[in-house]
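A.B. asks: Have a look at this one.
In UniProt numbering, the protein residues as written are 1 to 159.
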């Protein structure tokens, strides 16, 4: 719950091309309290979840990274999700955090991960490429917000 202020800040600084239901509305919703309530209500299974991203030796979260349920029917193949505050962009934090989450996914027995990214989000596309994600060939067209590109990455079983 202590990371709700960072989550609220993330919602407030999202690109205007992000769908409206994922941004702060003109009347201020979701509020920080609404985000806290959603976190309390929506508890994921043990091998899924969103973790706060923090810099070593410094206080306070700069974003999140984790595994979420795959909305497209692959229950055993979760989706990698990450988002950082703008002031933390360009330092490799997303790549580093995602590598840790991929290790967690491997230890949890997942064999493949997915990640969706908007076609216009070149920075996230570069992060995914560094992590070994490849385009799956599936694209969800969206003229208003930009096409969503589906990427995937195989995970080797743990030793």
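We treat Cβ as the ideally placed atom computed from N, Cα and C, and that holds for glycine.
(1) Determine the contact status of residue 155 and residue 128, defining contact as a CB-CB distance below 8 Å.
(2) Please identify the residue among 15, 5 and 103 whose C-alpha is closest to the C-alpha of residue 145.
(3) Please tell me whether residue 149 and residue 116 are closer than 8 Å, where the distance is taken between their beta carbons.
(4) Would residue 105 and residue 78 be called neighbours here (beta carbons separated by less than 8 Å)?
(5) Should the stretch 31 to 47 be called in touch with the stretch 3 to 13, which here means at least 3 C-beta pairs below 8 Å?
(6) How big is the Cα-Cα spacing for residue 60 and residue 54?
(7) What residues match up with residue 61 in a beta bridge as DSSP calls it?
(8) So residue 67 packs on residue 101, CB below 8 Å; how close in whole Å?
C.D. replies: In terms of the structure at hand:
(1) No, these two residues do not count as a Cβ contact at 8 Å.
(2) Here the closest residue by C-alpha is 15.
(3) A contact, by the Cβ cut-off of 8 Å.
(4) The Cβ atoms of residue 105 and residue 78 sit closer than 8 Å to each other.
(5) Because the criterion of three Cβ pairs below 8 Å is met, the stretch 31 to 47 and the stretch 3 to 13 touch.
(6) Approximately 6 Å between the Cα atoms of the pair.
(7) Bridge partners of residue 61: 54.
(8) The pair is a contact, with the Cβ atoms about 6 Å apart (cut-off 8 Å).
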